[in-house]
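J.:
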Amino acid sequence: ALMAYVEIQKNQFERIFENVYRWQKNLFRPIIKDFIDDFILDKNHLLPQRIYK
Numbered sequence: 014a015l016m017a018y019v020e021i022q023k024n025q026f027e028r029i030f031e032n033v034y035r036w037q038k039n040l041f042r043p044i045i046k047d048f049i050d051d052f053i054l055d056k057n058h059l060l061p062q063r064i065y066k
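In terms of the working numbering, the sequence shown has 47 at position 34, counting the first letter as 1, and numbering is strictly consecutive.
#1: With H, G and I counted as helix, E and B as strand and the rest as coil, what does DSSP make of Ala17?
#2: By the three-class DSSP mapping on this structure, what secondary structure does Gln62 have?
#3: Could you compute how far the alpha carbon of Asn32 sits from the alpha carbon of Lys23?
Shown next as structure tokens:
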């Protein structure tokens, strides 16, 4: 019974950590996207330029 209890607790913690990772990823992506979109506005000169011959 004790081993089953420990296994259940372990599984619950694993699910909690998976959910935290998913929440963090879902919160992080829009913030980074906004930063990149705002940052790149006047930085086109930093992009690689094509070499025309």
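Virtual Cβ for every residue (Gly too), placed ideally from N, Cα, C.
T.: According to the data block:
#1: helix
#2: coil
#3: 14 angstroms
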